[in-house]
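Per this note's numbering, the very first residue in the sequence shown carries number 22; after that it's consecutive. Note that the Cβ used here is the ideal one computed from N, Cα and C, for glycine as well. Below is one structure; the comments refer to it alone.
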Amino acid sequence: MSNLTERLKWLAAPLLIFAVQFSLFRAPIGVVINGAVLGLITALVALAMFLIYRSNRVLNFAQGEFGLIPAVLSVMLIVESGWPWLLALLVGAVASILLGGATEFLIIRRFFRAPRLILTVATLGLAQILAFNALRMPLWWNARVTSQRIDSPLNWVWDVGPVRLSADHLLVLIIVPLVLLAIGALLRYTNLGIAVRAAAELPDRAVSLGIPVKSVHTLIWGIAGFLAFLALFLRAGVIGLPVGGSLGFGLLLRALAALMIGRLSHLPTILVSSIALGILQQGINWNQDNSFLGDAFMAAVIIGALVLRRDRKQRGEMTNESLSLIGDVRRLPAVLNSLWEVRILKFLAITGCIGLSFWLPRVLETQDVLRLSYLYLYVIVLLSLVVLTGWAGQLSLGHIAFLTVGSVLGAYFTQEMGFDLLLAVPIAGLGGALASLFVGLPALRLRGLYLAVTSLAFAVATTSYLLNPRFFSWIPQGRIERQPLLGRIDWSTSFAMYHVSLIALILVFFAISGIRNSRTGRVLLAMRDNEAAVAAYGVSPTKAKLVAFAISGFFASTAGALVVHHQQALVVEANNHWQSIDLFVAAVAGGIGSVIGAVLGALYYWGGVWWLPGNWRLLVLGGGVLGVLLVLPGGLASGLYQIRDAAARKLALHHDIDAPGFTSDSHEEKSQ
22 MSNLTERLKW LAAPLLIFAV QFSLFRAPIG VVINGAVLGL ITALVALAMF
72 LIYRSNRVLN FAQGEFGLIP AVLSVMLIVE SGWPWLLALL VGAVASILLG
122 GATEFLIIRR FFRAPRLILT VATLGLAQIL AFNALRMPLW WNARVTSQRI
172 DSPLNWVWDV GPVRLSADHL LVLIIVPLVL LAIGALLRYT NLGIAVRAAA
222 ELPDRAVSLG IPVKSVHTLI WGIAGFLAFL ALFLRAGVIG LPVGGSLGFG
272 LLLRALAALM IGRLSHLPTI LVSSIALGIL QQGINWNQDN SFLGDAFMAA
322 VIIGALVLRR DRKQRGEMTN ESLSLIGDVR RLPAVLNSLW EVRILKFLAI
372 TGCIGLSFWL PRVLETQDVL RLSYLYLYVI VLLSLVVLTG WAGQLSLGHI
422 AFLTVGSVLG AYFTQEMGFD LLLAVPIAGL GGALASLFVG LPALRLRGLY
472 LAVTSLAFAV ATTSYLLNPR FFSWIPQGRI ERQPLLGRID WSTSFAMYHV
522 SLIALILVFF AISGIRNSRT GRVLLAMRDN EAAVAAYGVS PTKAKLVAFA
572 ISGFFASTAG ALVVHHQQAL VVEANNHWQS IDLFVAAVAG GIGSVIGAVL
622 GALYYWGGVW WLPGNWRLLV LGGGVLGVLL VLPGGLASGL YQIRDAAARK
672 LALHHDIDAP GFTSDSHEEK SQ
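Have a look at this one:
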């Protein structure tokens with residue numbers, strides 16, 4: 022009996038999900054069948070992500086987009102070119118395999134020796150590039166449709182209660198289980214499965230044994246691309262494909278939830294959980310008539326699965342990696358900082374930037390003034406990411422949650438409680454710090470990838486339900502008025518708002534610089550690079566992490582409190598979960614390890630939003646982060662620092678002084 026219980030233990034989580042659906046969100050049998058169909062589609066995406074994780078030890082956030090491009094191709098061949106359904110399916114399948122294999126060969130392989138977290142960030146950039154190409158593809162046919170549903174060659178319809186099932190549902194119920202069984206047999210009973218496990222856990226050892234690790238990776242990426250394509254092609258027959266639109270975040274969220282339940286290692290749990298989550302999602306939609314609560318439930322499942330996760334590290338698992346390759350900035354030695362030329366240049370740079378910022382409103386149009394002040398506030402958000410990720414090494418994809426917390430609290434205290442803005446902003450910041458600590462608590466046990474997924478899930482839960490005005494009446498709605506500061510200073514005009522944003526940014530700049538130069542900043546940087554060494558010196562990594570989360574959440578929420586007054590409206594982006602990932606990608610592109618990088622990242626992101634037509638910003642943003650990781654690991658800011666370092670070397674040689682790291686060893690020996 023005990024052996025049977027042990028063997029069936031993996032069913033506990035899926036059965037719990039079924040129980041929640043049956044007890045809280047009971048639905049007709051037709052809705053359950055429809056949920057199982059969508060769950061099987063999710064299982065294909067989850068399986069693709071599982072395969073790539075097992076081979077490369079990376080969570081591919083671009084998995085849905087890998088299937089979207091060939092799926093759009095097949096759909097357009099059917100709808101616009103009149104191709105037969107089966108022929109379009111075959112063309113899409115071949116294209117998906119080629120796309121997956123080519124991406125691994127041309128891009129992913131460049132990160133073969135890089136930390137897995139770096140490769141995870143690269144997949145975020147890939148998602149942007151692939152989404153852009155999928156959005157542009159209908160233009161090949163001069164088509165501008167936003168959603169498209171295709172019908173299979175079989176003419177069959179069956180009404181099950183309130184739901185009409187078709188042959189497309191039947192195809193999913195037949196094809197997907199066969200594909201899942203085939204992939205399972207491939208991994209378990211063939212040499213390829215053994216090679217995949219060996220290449221993932223001990224790649225160097227696998228190479229020495231003659232296993233072509235890189236070729237195995239290429240094949241796995243091709244298979245994963247096919248699985249993602251098949252999922253979206255079948256989805257097009259059931260509920261439609263967003264041709265010319267964008268792939269729904271819900272599919273990725275359900276796949277992530279299933280992967281976390283299966284702990285990225287137990288495939289049967291992942292697949293059955295995908296089906297259970299699909300049924301739960303449809304049950305929620307049937308009872309609540311909106312998808313927001315469903316997204317919040319998926320996020321809760323992810324957080325619960327990770328918090329309850331036992332700390333059993335497997336070989337090759339990326340729980341202890343550092344982000345030190347992203348944006349590490351070398352500081353000038355004291356001997357160079359003391360030179361009069363350096364002091365004057367620093368003074369001129371700081372005063373020049375501040376003076377220019379105060380002068381710009383005099384020559385800009387009102388619209389540009391508003392944009393620039395909005396940009397300043399998002400620089401503060403990226404600065405909060407500099408503290409948490411660039412310094413402390415904690416990967417966060419959910420910073421939009423802290424921005425939302427600050428926006429809601431800032432609006433509530435000024436509009437409902439009548440507080441002055443100067444009091445409401447720090448209170449909102451404290452609220453964000455507490456929320457950040459809540460997310461940071463799992464960081465005491467979870468690192469790297471798992472913490473990133475936890476933070477993303479928290480952002481989804483926050484924007485979908487916890488702070489969504491649809492569910493809570495206390496959250497302010499309507500116009501947000503700018504009440505006079507201290508009861509007498511009017512800041513209702515666009516130019517006054519600009520100066521408030523600018524002053525806030527300057528204050529945060531000085532605060533961040535002070536933290537960086539303090540013991541706290543040195544501890545965070547040391548912990549990022551070598552946590553064990555920090556602990557050996559008697560410093561608590563636990564306290565250091567929580568301090569980093571609190572500081573980061575405080576600054577992000579203060580920015581949110583100002584953003585809501587800048588916009589004079591509280592807009593909770595419940596349907597735009599990708600924005601949180603976009604912010605992180607922008608921070609990496611700018612240089613997530615430096616203050617200047619935050620400025621460049623904000624300019625890079627919002628410049629694309631404001632001045633690039635249509636969806637071209639996706640290409641620029643995604644291509645930018647890939648270029649940064651391949652060419653400038655320190656971000657765009659590292660290019661400026663390279664120029665600074667070159668000038669510093671010449672200055673050191675001119676004064677004939679020793680500057681460690683800036684002068685050659687021969688020069689130092691000569692000076693000695």
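Q. Which of the three DSSP states, helix, strand or coil, is assigned to residue 441?
A. Here residue 441 refers to the residue found at position 420 when the sequence shown is read from its first residue. If DSSP states are grouped into helix, strand and coil, residue 441 belongs with coil.
Q: Go to residue 316, then tell me how far its alpha helix (DSSP H) extends in each direction, as first and last residue.
A: One-based indexing of the sequence shown puts residue 316 at position 295. Start and end: 313-328.
(Q) I'd like the ranges of any beta strand (DSSP E) spanning at least 3 consecutive residues and lying wholly in the region 211-252. (A) none
Q) Among 458, 487 and 591, which has the Cα closest to the Cα of residue 567? A) Within the sequence shown, the letter at position 546 stands for residue 567. Closest option to residue 567, Cα to Cα, is 458.
Q: For the alpha helix (DSSP H) holding residue 185, just list the boundary residues, first then last.
A: Indexing the sequence shown from 1 puts residue 185 at position 164. Unbroken run through residue 185 is the beta strand (DSSP E), 184-187; no alpha helix (DSSP H).
Q | Anticipated Cβ contact below 8 Å, residue 315 with residue 302, distance rounded | A | Here residue 315 corresponds to residue number 294 of the sequence shown, with the count starting at 1. Here residue 302 corresponds to residue number 281 of the sequence shown, with the count starting at 1. Yes, they are in contact, since the Cβ atoms of residue 315 and residue 302 sit about 5 Å apart, within 8 Å.
Q. Quick one: Cα of residue 297 to Cα of residue 197, how far?
A. For the purposes of this step, residue 297 is taken as the residue at position 276 of the sequence shown. For the purposes of this step, residue 197 is taken as the residue at position 176 of the sequence shown. Answer to the nearest angstrom: the Cα atoms are 15 Å apart.
Q.
Considering Cα atoms alone, identify which of 310, 280, 164 and 257 is closest to residue 171.
A. Within the sequence shown, the letter at position 150 stands for residue 171. Taking only the C-alpha atoms, the option nearest residue 171 is 257.
Q) Do you know how far the Cα of residue 364 is from the Cα of residue 151? A) Residue 151 sits at position 130 when you count from the first residue of the sequence shown. Residue 364 sits at position 343 when you count from the first residue of the sequence shown. When rounded, the distance between both Cα atoms is 46 Å.
Q) Roughly how many whole angstroms lie between the Cα atoms of residue 478 and residue 358? A) Along the sequence shown, one-based indexing puts residue 478 at 457. Along the sequence shown, one-based indexing puts residue 358 at 337. The straight-line gap from Cα to Cα measures roughly 44 Å.
Q. Leaving out the 5 sequence neighbours to the left and right, which residues in its chain are closer than 6 Å to residue 481 when beta-carbon positions are compared?
A. Numbered from its first residue, the sequence shown carries residue 481 at position 460. Excluding residues within five positions, the ones whose Cβ falls inside 6 Å are 316, 320 and 598.
Q. For the candidate residues 189, 141 and 89, whose alpha-carbon lies nearest to that of residue 157?
A. The residue labelled residue 157 in the question sits at position 136 within the sequence shown. Nearest of 189, 141 and 89 to residue 157, Cα basis: 89.
Q. So, is residue 499 buried or exposed, given that buried needs 16 or more other C-beta atoms within 10 angstroms?
A. Translated into the one-based positions of the sequence shown, residue 499 becomes position 478. Per the 10 Å Cβ criterion, exposed.
Q: Please confirm whether residue 120 and residue 79 have their CB atoms less than 9 Å apart.
A: By 1-based counting over the sequence shown, the position of residue 120 is 99. By 1-based counting over the sequence shown, the position of residue 79 is 58. No, Cβ-Cβ distance for residue 120 and residue 79 is not below 9 Å.
Q: Would you decide whether residue 535 is buried or exposed? Buried here means 16 or more other CB atoms lie within 10 Å of its CB.
A: Residue mapping note: residue 535 aligns to position 514 of the sequence shown, counting from 1. Classification of residue 535: exposed, given that the 10 Å Cβ count is below 16.
**Q.** Continuous alpha helix (DSSP H) stretch holding residue 609: start and end
**A.** On the sequence shown, position 588 is the one that residue 609 refers to. It spans 599-611 - the alpha helix (DSSP H) in which residue 609 sits, taken as one unbroken run.
Q: Given a cut-off of 9 Å, decide if residue 394 and residue 694 are closer than it, judged by their beta-carbon atoms.
A: Limits of the chain in this structure are 22 at one end and 693 at the other, which puts residue 694 out of reach.
**Q.** CB of residue 453 within 9 Å of CB of residue 426, strictly
**A.** The residue you call residue 453 lines up with position 432 of the sequence shown. The residue you call residue 426 lines up with position 405 of the sequence shown. Yes, these two residues count as a Cβ contact at 9 Å.
Q | Assigned secondary structure, residue 550 (DSSP; H/G/I helix, E/B strand, else coil) | A | Residue 550 sits at position 529 when you count from the first residue of the sequence shown. It is helical.
**Q.** Terminal residues of the alpha helix (DSSP H) in which residue 568 lies
**A.** By 1-based counting over the sequence shown, the position of residue 568 is 547. Unbroken alpha helix (DSSP H) run through residue 568: 562-588.
Q: Give the straight-line distance between the Cα atoms of residue 387 and residue 442, rounded to the nearest whole angstrom.
A: By one-based count along the sequence shown, residue 387 stands at place 366. By one-based count along the sequence shown, residue 442 stands at place 421. If you take the alpha carbons of residue 387 and residue 442, they lie about 23 Å apart.
Q: Counting only the same chain and skipping the five closest in sequence on each side, list residues whose C-beta sits under 8 Å from that of residue 213.
A: Here the question's residue 213 lines up with position 192 in the sequence shown. 207, 237 and 240.
Q: Name the two residues that bound the continuous alpha helix (DSSP H) containing residue 666.
A: In the sequence shown, residue 666 corresponds to position 645, counting from 1. Its alpha helix (DSSP H) spans residues 657-676.
Q: State the Cα-Cα distance for the pair residue 569 and residue 611, rounded to the nearest angstrom.
A: Looking up residue 569 in the sequence shown gives position 548. Looking up residue 611 in the sequence shown gives position 590. Residue 569 and residue 611: Cα-Cα distance of roughly 20 Å.
Q | Own chain, CB closer than 6 Å to residue 396, minus 5 neighbours either side, in chain order | A | Position 375 of the sequence shown, counted from the first residue, corresponds to residue 396. Excluding residues within five positions, the ones whose Cβ falls inside 6 Å are 623 and 627.
Q. Residue 380 lies in the alpha helix (DSSP H); which residues open and close that run?
A. The residue you call residue 380 lines up with position 359 of the sequence shown. Start and end: 361-380.
Q. Given that a residue counts as buried once 16 or more other Cβ atoms are within 10 Å of its Cβ, and exposed if not, what is residue 676?
A. Within the sequence shown, residue 676 is the residue found at index 655, counting from 1. Exposed, since its Cβ has fewer than 16 Cβ neighbours within 10 Å.
Q | At least 3 beta-carbon pairs within less than 8 Å: the region 126-139 vs the region 183-194 | A | no
Q) When the Cα of residue 629 is compared with those of 619, 618 and 643, which residue comes out closest? A) Translated into positions along the sequence shown, residue 629 becomes position 608. The candidate whose alpha carbon is nearest that of residue 629 is 643.
Q) Among the residues of its own chain, which have a CB less than 8 Å from the CB of residue 690, if the five just before and after it don't count? A) Counting from 1 along the sequence shown, the entry for residue 690 is found at position 669. Low confidence applies to residue 690: its pLDDT is 47, below 50, so where it sits in the model is not reliable, and the reading given next is rough at best. So no residue of the chain qualifies.
(Q) I'd like to know whether the C-beta atoms of residue 607 and residue 409 end up nearer to each other than 9 Å. (A) Position 586 of the sequence shown, counted from the start, is the residue given in the question as residue 607. Position 388 of the sequence shown, counted from the start, is the residue given in the question as residue 409. Cβ distance not < 9 Å, so residue 607 and residue 409 don't count as in contact.
Q | Residues near residue 641 by beta carbon distance below 7 Å, same chain, minus five either side | A | Counting from one through the sequence shown, the residue named residue 641 turns up at place 620. Closer than 7 Å at Cβ, skipping near neighbours: 629 and 633.
Q. Are the region 581-589 and the region 412-420 touching, with three or more C-beta to C-beta distances below 8 Å?
A. no
Q) By a C-beta neighbour count over all protein chains shown, 10 Å radius and 16 as the cutoff for buried, is residue 380 buried or exposed? A) As a position in the sequence shown, residue 380 is number 359, starting the count at 1. It is exposed - the Cβ of residue 380 has fewer than 16 other Cβ atoms within 10 Å.
Q | Where residue 500 falls: helix, strand or coil (DSSP) | A | Along the sequence shown, one-based indexing puts residue 500 at 479. Residue 500 falls in the strand class under three-state DSSP.
Q. How would you label residue 559, buried or exposed, when you count the other beta carbons within 10 angstroms and need 16 or more for buried?
A. Here the question's residue 559 lines up with position 538 in the sequence shown. Looking at its Cβ environment, which holds fewer than 16 other Cβ atoms inside 10 Å, residue 559 is exposed.
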